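Reviewing the structure listed below.
As structure tokens, then:
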């Protein structure tokens with residue numbers, strides 16, 4: 008009996024010690040987050056006048072607004088054309104349009120971000136610490152990009168109050184009922200297209216060499232909202248524009264403050280900081296100190 012009691016006491020002490028180490032490890036992570044928070048609201052580290060918003064982005068925004076103005080005259084024509092001549096696209100849209108639904112991405116990004124808070128950083132092998140820190144940082148970036156641009160999109164939806172295409176035959180493409188809550192008068196801009204824009208820009212930032220494949224796929228995903236007759240083309244263009252521009256703005260804002268991205272002088276495109284950290288994983292085998300093993 009005494010031997011069993013001793014073993015139980017040893018087991019409890021081990022569990023207690025593990026919890027203490029985990030708590031201290033989490034403290035290191037939250038200290039890292041506090042530093043990132045302070046940097047986020049601080050002035051840029053660089054003194055060369057670089058800004059998170061650039062003239063190129065202004066040009067893209069102006070061209071996008073002009074495209075929305077021109078497309079407005081074709082909204083009803085394009086909706087009718089898709090309905091009557093593109094059954095394959097309509098079917099594919101019905102199957103895959105919810106790939107651009109924000110919920111899954113927000114939950115996964117938040118889970119990865121918070122999971123780093125329970126990793127035992129004190130026991131982690133040195134090369135795993137920057138990997139996990141940068142992974143959680145990128146997850147936080149994705150969460151912010153989707154959440155903030157989504158809040159803006161929903162606010163504009165409420166203010167504009169545009170009727171959805173299902174009312175095309177009765178109300179037409181230019182019927183507005185501002186501050187009308189609910190689904191029916193929340194057509195402009197498209198929330199799914201906004202998420203598609205965020206995902207497209209995130210992937211372009213992470214894998215710029217794959218832009219030839221990423222950009223067309225992102226545009227197709229956004230346009231599927233037209234295929235299911237949930238939005239007009241102008242809604243889709245506006246949502247995609249909001250998602251891409253805000254995500255790029257956020258990445259440049261973070262880069263200028265040394266958070267998860269970097270922006271070399273004279274460069275427009277921010278670069279993620281995780282490449283060297285992940286590349287170092289293959290330099291030698293991972294030992295038992297990996298934070299993924301608790």
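Numbering (the working numbering), first residue to last: 8 to 301. Using N, Cα and C, we set each Cβ at its ideal position, and we do this for glycine too. Just so it is clear, the structure is predicted and the values come from calculations on it, not from any experiment.
Check                                                                                                                                                        : Outcome
For the alpha helix (DSSP H) containing residue 1, list its first residue and its last residue.                                                              : There is simply no residue 1 to check, as the chain begins at 8 and stops at 301 in what is shown.
Helix, strand or coil for residue 169? Go by DSSP, reduced to three states.                                                                                  : strand
Note down the Cα distance separating residue 245 from residue 75, rounded to an integer number of angstroms.                                                 : 7 Å
Using 10 angstroms around the beta-carbon of residue 199, count the other beta-carbons present and answer buried if the total reaches 16, otherwise exposed. : buried
Rounded to the nearest angstrom, what separates residue 169 and residue 230 at their Cα positions?                                                           : 18 Å
Apply the 10 Å Cβ neighbour rule to residue 252 and answer buried if 16 or more other Cβ atoms are within range, or exposed otherwise.                       : buried
Throw me the rounded Cβ distance for the residue 242 and residue 195 pair, which I believe falls under 8 Å.                                                  : 5 Å
Quick one, are the C-beta atoms of residue 186 and residue 158 less than 8 Å apart?                                                                          : no
Quick one: Cα of residue 41 to Cα of residue 255, how far?                                                                                                   : 23 Å
Could you tell me which of 39, 66, 89, 71 sits nearest to residue 3, measuring between CA atoms?                                                             : With the chain covering only 8 through 301, there is no way to say anything about residue 3.
How would you write the range of the alpha helix (DSSP H) that residue 224 sits in, first residue to last?                                                   : 218-234
How long is the line joining the alpha carbons of residue 148 and residue 177, rounded to whole angstroms?                                                   : 42 Å
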